[in-house]
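In mature numbering (1 follows the signal peptide of the UniProt record, and there is no 0), the protein residues as written are -17 to -1, 1 to 754. Built from N, CA and C at the ideal position, the CB exists for glycine as well. Quick caveat, the model's predicted, so the values are computed rather than measured.
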Ligand code: ACM
Ligand code: ZN
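The structure is reproduced here in structure tokens:
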């Protein structure tokens, strides 16, 4: 492991002029390794030793919950009793300073040899300072059991810090899978550790209604419980197929009713109040979302007069929505929110308003009458009318509305805030902010924490540019921040949730807190790996970084070395060559392995506690250099793209429908004219300049495959979010037929990068393609 004292003084000192060291002397304190990166850190000589019986002083009674929270954090592992007292002479002093920046979260922390002071002008600032203080202690401070032999020393340091954005959020969907109050609290604890301050609680959706509404008891009596659905069954299948208990449906969330197994749960209003209080102590606001007018199956199926027709269920894409034409439906929606609003003492309420199936509205006489009466020309305007109607109700109760970016369609009111999630609608955020509306980033390609992580997902989030220069200063000032969304269709357990969210949550935290001018991926990655020690003590099931050094298909001629690497040096790699899933009993990878025959490897990393990580499958194919096509006589540079219009779920289906149009393209790309649900077949030749092993990276959303010489080199098929797969082929000099097949549901992504045998990216401008 690198020495973090060295890091603080040398690496970071070089990278960040703001971090200065007044001493280069080695100490026995934990090295400084803080996420999110603070604005300014000045390490001083000496250290502070925490001992039993020390006091936490508070300059104002309002700081008591923060002080008690700090005392409880430190008590677990140390066993020390730290008493909280009012005054200015605590060993650890929390001082409310009127002169301090009022900006939420800003604070200063001074650790001296004799005492510690956290100063701030607001409660969130003390919580942020406490988290920094916590991260200055060795990772063992997080131990849930007392470690009596340890000493608890901190480096002397002065830190001044403030967040970049006021909205640093995580959304949790508790509808698709239910999380108990204790499980929600566990997530709130981890959010607090990384200074995240908004918990967006997606409390209802078609698959489960999770909050008690006293006026409408059936919402939970019936709507909170379901027989296993296709998502549950897929989780159970993966638990077996991938030897992964994290996919199992937790037994405590099952109940037997008249011989049927039902799955689910809900929060009573008392439990909600308790969680809101718990979050508040940790500086976290809770934003409830009761998604409407779509995604309301529990309501429309259990109460009359809420949907357009008595028959409810699923339409072409989404469930039957609320009927905005019926006063009874509007009353229902307001009555639900009338019980929600008092439970959440914050400024914002989230109405949802995404993904509304509007076919019923077209057929419903009440909806059509409402449109006529209100002068609404389209069903989009009816949706907007509903959103404005509910927004008016929120405003009357002193609340501001947030909605998914679909609320732009049909017109936004002045006080609405959008959450931009639809990557394929990039104009939503510029449009909303240009109209003077506030916006929060959560574009699905980077900020959906339920999307399978891969080699690039943490970095993709970390390097995403929030509030870019292409927006005006005024537009940028309307950006509240960003959040990561955890949709739980395929996340049935806390272990799986943590695996999906971590370490991306750390990248999200730094993205929303730290000054981007100070943020560098390599430095962040080192600190992220440093944080794994803390997460290990906390028992957090974070995803270990990818195993690297190989492609899905690796080509070699003669013999080759199989070299597997991982940026986290603490993991152990086990492998098999017979396709079975590696266990702790499988052979351990101990260094490069020479092979001279084609071999398939299945690889898996294991943490020090024996917990297994992802499974990686890689093929090493012994090849001869494939001969070029001697008869090829292309006429032009570039490639030909054939557009097949339709909704496909595999590349094999594309060419069953005749091509609608053909385009010339200079690279493997989606022609700008091609829109909607598409299939593409791109063909031509690739000009190989010299014999060697070439590497192909195929990135797509949804599926794609790459063929060279009519042989599949990269198989990235199937419906999926953005994913890149790489493969190799040994090629002789000359022209080789190349073909890329690709399909997408709603305007996605396609990119092919080719690397020559020396590892240099080949430039399409030099005419590598011809047809
Ligand atoms: C969403 O992902 N439907 C907001
Ligand atoms: Zn209707």
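Judged by DSSP in its simplified three-state form, residue 706 adopts strand. A residue is called buried once 16 or more other Cβ atoms fall within 10 Å of its Cβ, and residue 571, having fewer, is exposed. In the structure shown, the three-state DSSP call for residue 712 is strand. Between the region 303 to 323 and the region 258 to 268, the count of C-beta pairs closer than 8 angstroms stays below three; the two stretches do not touch. In terms of side-chain proximity, the C-beta atom of residue 172 is found no nearer than 7 angstroms to any non-hydrogen atom of the ligand ZN.
Counted as a single uninterrupted DSSP element, the beta strand (DSSP E) harbouring residue 153 occupies residues 150 to 156. Sorting 620, 386 and 146 by C-alpha distance to the C-alpha of residue 89 places 146 at the top. According to the DSSP assignment, residue 631 belongs to no alpha helix (DSSP H), since it is labelled neither H nor E.
In this structure the region 171 to 183 does not lie against the region 200 to 212, because fewer than three pairs of beta carbons, one per stretch, are closer than 8 angstroms. Where residue 176 is concerned, the enclosing alpha helix (DSSP H) starts and stops at 164 to 176. Non-local beta-carbon contacts of residue 734 in its own chain, meaning distances under 6 angstroms to residues more than five positions away in sequence, involve 682 in chain order.
In the displayed model, residue 64 falls within coil according to three-state DSSP, outside both helix and strand.
The alpha-carbon of residue 582 is positioned some 15 angstroms away from that of residue 532. Residue 213 counts as exposed, since fewer than 16 other C-beta atoms from the protein chains shown sit within 10 angstroms of its C-beta. The three-state secondary structure of residue 496, taken from DSSP, is helix. Apart from sequence neighbours up to five positions away, the residues of its chain that approach residue 334 with a beta-carbon distance below 8 angstroms are 272, 273, 274, 275, 370, 373, 374, 377, 384, 385, 386 and 390, ordered along the chain. At a Cβ-Cβ threshold of 8 angstroms, residue 109 and residue 171 do not count as neighbours. In this structure, residue 308 has its CB closer than 7 angstroms to one or more heavy atoms of the ligand ZN. Of all C-beta pairs linking the region 144 to 159 to the region 485 to 495, three or more are shorter than 8 angstroms, placing the two stretches in contact.
If you compare the alpha carbons of 138, 450 and 719 with that of residue 421, the shortest gap goes to 450. Between residue 685 and residue 731, the gap from beta carbon to beta carbon is short of 8 angstroms.
The beta-carbon separation of residue 326 and residue 256, rounded to 6 angstroms, stays under the 8 angstroms limit for a contact.
Around the beta carbon of residue 542, fewer than 16 other beta carbons lie within 10 angstroms, which makes this residue exposed.
When the Cα atoms are used, residue 558 and residue 614 turn out to be separated by approximately 44 angstroms. When the five nearest sequence neighbours on each side are left out, the beta carbons in the same chain lying within less than 6 angstroms of the beta carbon of residue 159 are those of 190, 471 and 472, in order along the chain.
Short of 6 angstroms from the beta carbon of residue 653, and not among the five residues preceding or following it, lie these beta carbons of its own chain, in chain order: 733.
The straight-line gap separating the alpha-carbon atoms of residue 632 and residue 477 is approximately 31 angstroms. The beta-carbon separation of residue 249 and residue 286, rounded to 16 angstroms, does not stay under the 8 angstroms limit for a contact.
Proximity to residue 113 across 497, 336, 446 and 56 peaks at 56, based on C-alpha coordinates.
The shortest CA-to-CA distance from residue 485 to any of 440, 509, 723 and 81 is the one to 440. In the DSSP assignment, residue 424 is bridged to 403 and 465. Annotation for residue 380: 324 place their beta carbon closer than 6 angstroms to its own, counting only its chain and skipping 5 residues before and after. DSSP lists 571 and 587 as the bridge partner or partners of residue 557. Taken in chain order, the complete beta strand (DSSP E) segments of 3 or more residues contained in the region 205 to 265 are 237 to 240 and 243 to 247. In this structure the region 639 to 656 does not touch the region 703 to 714; the number of beta carbon pairs closer than 8 angstroms is below three. The beta carbon of residue 459 is closer than 7 angstroms to those of 450 in its chain, skipping five residues each way along the sequence.
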